[in-house]
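Just so we're on the same page, the numbering used here is the position in the sequence shown counted from 1, plus 4. Even for Gly, the Cβ is constructed at its ideal location relative to N, Cα and C. Computed from a prediction, not measured in an experiment: that's the story for all the values here.
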Amino acid sequence: MTGGNDLMNRINERYGTMSKGQKLIAAYITDYYDKAVFLTAAKLGEVVGVSESTVVRFATHLGYKGYPQFQQSLAELVRGKLDSVQRMENVYGRISQSEILTTVLKTDAKRIQDTLETIDGHAFDLAVDVILHARHIYVIGIRSCASIAEFLAFYLNMMFDNVRLLHTNSASELFEQMLYVGREDVIIGISFPRYSMRVLKAMEFANNRNARVITLTDSVHSPMNLYSSCNLVAHSDMSSIVDSLVAPLSVINALIMALCMKRQKKVVKNLEMLEQIWEEYQVYGSDEINYIGDSVRMRYTNTEQEDN
5 MTGGNDLMNR INERYGTMSK GQKLIAAYIT DYYDKAVFLT AAKLGEVVGV SESTVVRFAT
65 HLGYKGYPQF QQSLAELVRG KLDSVQRMEN VYGRISQSEI LTTVLKTDAK RIQDTLETID
125 GHAFDLAVDV ILHARHIYVI GIRSCASIAE FLAFYLNMMF DNVRLLHTNS ASELFEQMLY
185 VGREDVIIGI SFPRYSMRVL KAMEFANNRN ARVITLTDSV HSPMNLYSSC NLVAHSDMSS
245 IVDSLVAPLS VINALIMALC MKRQKKVVKN LEMLEQIWEE YQVYGSDEIN YIGDSVRMRY
305 TNTEQEDN
């Protein structure tokens, strides 16, 4: 195991026993390790907002003899990330431009197949049940996971009137949105490497308030599972700078479909209501394409018709 991987494993394993200040350092290291590697203990403390002694204690809490040894492990983490880019170049550098589409799609298909073979069906059923009976449903995902978190929240809103998509412009704003979370609520946290400490903090906060926690991540060893009572695992690894989130999105699709089946009447009623609203307020313009039978009819505005 490389020193870089060892560092992240140590942070994940010891996160639950860290002090408040140490958790701030862990969050910064996870999100900005490429910047932290150049900082002294004093400077890192200044950036994070803790004392130099807290930084040193953080290093010893992780099992290092001192800050210099910790910084060496941090440097190995950065080198490891650079090596992953080189591995990507080695893998895809041998593939011609015409083969990229086939290669990537086959790789994604394998991720879905691997997920299908390993995902816990009982955890999936539990997730459906927990969401159905929740007072409020909180959804959070940042960076590359923000898009699939928004996708999930969009369709949950079709079925429930108690969905809250959390925005994470700042830590304070995040907790302000979760001020009233409690034991009757559920939070769905979505995070894949590099794991987000902000998502982890949100799930920790919800867990401390006795809310139910569902996580969608890439491994049973993911730090996202520290506070989760229901773990959905989807494969996402890919030798590229682009995260492969096809399998996680498929799991989300299955989750949405399972919930729709449980609330068919409600979904149909909501869709009929939306259709009326869209028509009444002209949500979709008159230049939209209408499919009628096997033919396609274009609708034009009066001006366009006169011009023709």
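Considering only DSSP beta bridges, list what C234 is partnered with. What you label residue 234 is simply residue 230 of the sequence shown in a count that begins at 1. Paired residues: I218.
So, using beta-carbon positions, are V237 and D124 closer together than 9 Å? For the purposes of this step, residue 237 is taken as the residue at position 233 of the sequence shown. For the purposes of this step, residue 124 is taken as the residue at position 120 of the sequence shown. Yes, the pair counts as a contact, with Cβ atoms nearer than the cut-off.
So who's on the other strand from L169, going by DSSP bridges? As a position in the sequence shown, residue 169 is number 165, starting the count at 1. Bridge partners of L169: V143.
Could you please give the first and the last residue of the uninterrupted beta strand (DSSP E) stretch that includes G193? What you label residue 193 is simply residue 189 of the sequence shown in a count that begins at 1. If you look at G193, you'll find it in the beta strand (DSSP E) that goes V190 to I194.
Taking C-alpha atoms, which residue in K47, R14, A127 and M163 lies nearest to E276? Your numbering for residue 276 matches position 272 in the sequence shown. Among K47, R14, A127 and M163, the Cα nearest to that of E276 belongs to M163.
Where P252 falls, given that 16 or more other Cβ within 10 Å makes a residue buried: Counting from 1 along the sequence shown, the entry for residue 252 is found at position 248. Buried, since its Cβ has 16 or more Cβ neighbours within 10 Å.
Cβ shell of N16 (< 7 Å), same chain only, five flanking positions each side left out: Here residue 16 corresponds to residue number 12 of the sequence shown, with the count starting at 1. Closer than 7 Å at Cβ, skipping near neighbours: P227.
Buried or exposed: Q268, going by 16 or more other Cβ atoms within 10 Å of its Cβ? As a working mapping, residue 268 is identified with position 264 in the sequence shown. The C-beta of Q268 has fewer than 16 other C-beta atoms within 10 Å across all chains shown, which makes the residue exposed.
What three-state label does DSSP hand D133 in the structure shown? If you number the sequence shown from 1, residue 133 lands on position 129. D133 sits in a helix when the DSSP states are folded into three classes.
For H140, tell me which candidate among I191, V60 and K39 has the shortest Cα-Cα distance. For the purposes of this step, residue 140 is taken as the residue at position 136 of the sequence shown. The shortest C-alpha separation from H140 is found at I191.
Please report the straight-line C-alpha distance between Y285 and R202, rounded to a whole angstrom. The sequence position of residue 285 within the sequence shown is 281, counting from 1. The sequence position of residue 202 within the sequence shown is 198, counting from 1. Taking the straight line from one Cα to the other gives about 38 Å.
Inter-residue Cα distance where the pair is H126 and S233: Taking the first residue of the sequence shown as position 1, residue 126 is located at position 122. Taking the first residue of the sequence shown as position 1, residue 233 is located at position 229. Approximately 12 Å, taken between the alpha carbons.
Near H171, which residues of its chain fall below 8 Å by C-beta distance, leaving aside the five closest residues on each side in sequence? As a working note, residue 171 is residue 167 in the sequence shown. Contacts found: E177, L178 and Q181.
Selected residue, minimal CA-CA separation from L156, among L130, L220 and V51: Taking the first residue of the sequence shown as position 1, residue 156 is located at position 152. When each option's Cα is compared against that of L156, the closest is L220.
Could you give the C-beta distance for I135 and L263, rounded to a whole number, given that I count them as a contact under 8 Å? As a position in the sequence shown, residue 135 is number 131, starting the count at 1. As a position in the sequence shown, residue 263 is number 259, starting the count at 1. Yes, they are in contact, since the Cβ atoms of I135 and L263 sit about 6 Å apart, within 8 Å.
R213 in three-state terms, based on DSSP: As a working mapping, residue 213 is identified with position 209 in the sequence shown. DSSP places R213 in coil when its eight states are reduced to three.
According to DSSP, is N94 helix, strand or coil? What you label residue 94 is simply residue 90 of the sequence shown in a count that begins at 1. Confidence is the limiting factor: at N94 the pLDDT is only 49, short of 50, which leaves the residue's position unreliable, though a coordinate-based value still follows. The three-state reading of DSSP puts N94 in helix, counting H, G and I together.
Can you grab the Cα-Cα spacing for the pair L28 / R147, in whole Å? In the sequence shown, counting from the first residue as 1, residue 28 sits at position 24. In the sequence shown, counting from the first residue as 1, residue 147 sits at position 143. Those two C-alpha atoms are separated by around 19 Å.
Using alpha carbons as the reference points, say which of G67, F74 and N274 lies closest to Y159. For the purposes of this step, residue 159 is identified with residue 155 of the sequence shown, where counting begins at 1. Of the candidates G67, F74 and N274, the one whose C-alpha sits nearest the C-alpha of Y159 is N274.
Is the Cβ-Cβ distance between Y323 and L66 less than 9 Å? The first residue shown for the chain is 5 and the last is 312, placing residue 323 beyond what the model contains.
For the alpha helix (DSSP H) holding T58, just list the boundary residues, first then last. Along the sequence shown, read from residue 1 onward, the residue named residue 58 stands at position 54. Annotation for T58: the continuous alpha helix (DSSP H) segment containing it runs E56 to H65.
Neighbourhood of E188 by C-beta distance below 6 Å, restricted to the same chain and skipping five residues each side: Here residue 188 refers to the residue found at position 184 when the sequence shown is read from its first residue. R139.
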